[in-house]
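First up is the structure itself, then whatever we jot down about it.
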Ligand SMILES: C[S@@+](CC[C@H](N)C(=O)[O-])C[C@H]1O[C@@H](n2cnc3c(N)ncnc32)[C@H](O)[C@@H]1O
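In this note's numbering, the protein residues as written are 2 to 172.
In structure tokens, the structure reads:
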């Protein structure tokens with residue numbers, strides 16, 4: 002069994018999925034965080050999407066028991082292709098998905114509030130290869146979310162190093 006990287010343990014710890022949560026993971030890669038999320042769910046469900054067929058195949062194999070139990074669905078999809086009817090989600094997680102900071106904000110940012118349930122939380126986390134990027138990432142992502150009426154908290158973790166943004170809809 003693969004070791005789960007510390008960034009994913011940290012990210013899922015921050016996400017803190019509750020047993021009944023409906024969770025969306027964007028850019029699930031080979032499904033390592035998905036395994037941690039499923040372990041926290043009882044009646045809750047996880048939809049995990051990735052635009053890479055190789056990643057989705059690996060995630061399905063790694064989490065075959067949870068897939069068979071109907072606890073998680075892995076879908077080959079871009080975030081921007083999701084339908085609000087796929088939700089709503091109590092928690093949305095993305096780890097090391099660069100679309101949120103590296104490109105100008107597009108359809109992804111517009112869709113997030115439509116996918117999130119009232120009171121839900123968005124968690125975006127990174128372990129950039131160049132730790133010097135952390136201030137830029139946090140500055141850009143928090144600025145974009147605040148401009149779009151989210152309440153945002155960001156944190157940088159010196160080990161790793163990792164950084165993360167937790168956001169809720171304002172109001
Ligand atoms: C660097 S990997 C991180 C994978 C996993 N979250 C982890 O931390 O191990 C980024 C993943 O996000 C996926 N991805 C990037 N942009 C995406 C998007 N807009 N929609 C869906 N998946 C995306 C990529 O295919 C890739 O599998």
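Think of the CB as a built atom: it goes at the ideal place given N, C-alpha and C, for glycine as much as any other residue.
Inset, instruction - Can you tell me which of 14, 30, 116 and 145 puts its alpha carbon nearest to the alpha carbon of residue 40? - result: Residue 40 has its Cα closest to that of 14, out of 14, 30, 116 and 145.
Inset, instruction - Assuming residue 9 contacts residue 37 (C-beta within less than 8 Å), just tell me the rounded distance between them. - result: About 7 Å separates the two Cβ atoms, so the contact holds.
Legend entry - Minimum C-alpha distance to residue 61 - residue among 51, 75 and 102: Checked all of 51, 75 and 102; the closest Cα to residue 61 is 75.
Legend entry - Beta-carbon separation (whole angstroms), residue 71 vs residue 44, contact threshold 8 Å: With a Cβ gap of about 11 Å, residue 71 and residue 44 do not count as contacting.
Legend entry - Heavy atom of ligand 1 within 7 Å of residue 50 beta-carbon: Within the chosen limit of 7 Å, ligand 1 reaches the beta carbon of residue 50 through at least one heavy atom.
Inset, instruction - Could you spell out where the alpha helix (DSSP H) holding residue 29 opens and where it closes? - result: Per DSSP, residue 29 belongs to no alpha helix (DSSP H) and is neither H nor E.
Legend entry - ligand 1 heavy atom lying under 7 Å from the CB of residue 131: Checking every heavy atom of ligand 1 against the Cβ of residue 131, none is found closer than 7 Å.
Inset, instruction - Check residue 130 in the structure and name its three-state DSSP category. - result: Note: residue 130 maps to coil in three-state DSSP.
Inset, instruction - Please find out if some non-hydrogen atom of ligand 1 comes closer than 7 Å to the beta-carbon of residue 30. - result: Answer for residue 30: yes, Cβ within range of ligand 1.
Inset, instruction - In angstroms with no decimal places, state the Cα-to-Cα distance between residue 140 and residue 51. - result: For residue 140 and residue 51, the gap between their C-alpha atoms comes out near 25 Å.
Inset, instruction - Could you check the C-alpha separation between residue 162 and residue 128 for me, to the nearest Å? - result: Cα to Cα, the separation comes out at about 6 Å.
Legend entry - Delimiting residues of the beta strand (DSSP E) encompassing residue 48: Residue 48 -> beta strand (DSSP E) spans 46-51.
Inset, instruction - Can you say whether residue 55 is buried or exposed, counting buried as having 16 or more other CB atoms within 10 angstroms of its CB? - result: By the 10 Å Cβ count, residue 55 comes out exposed.
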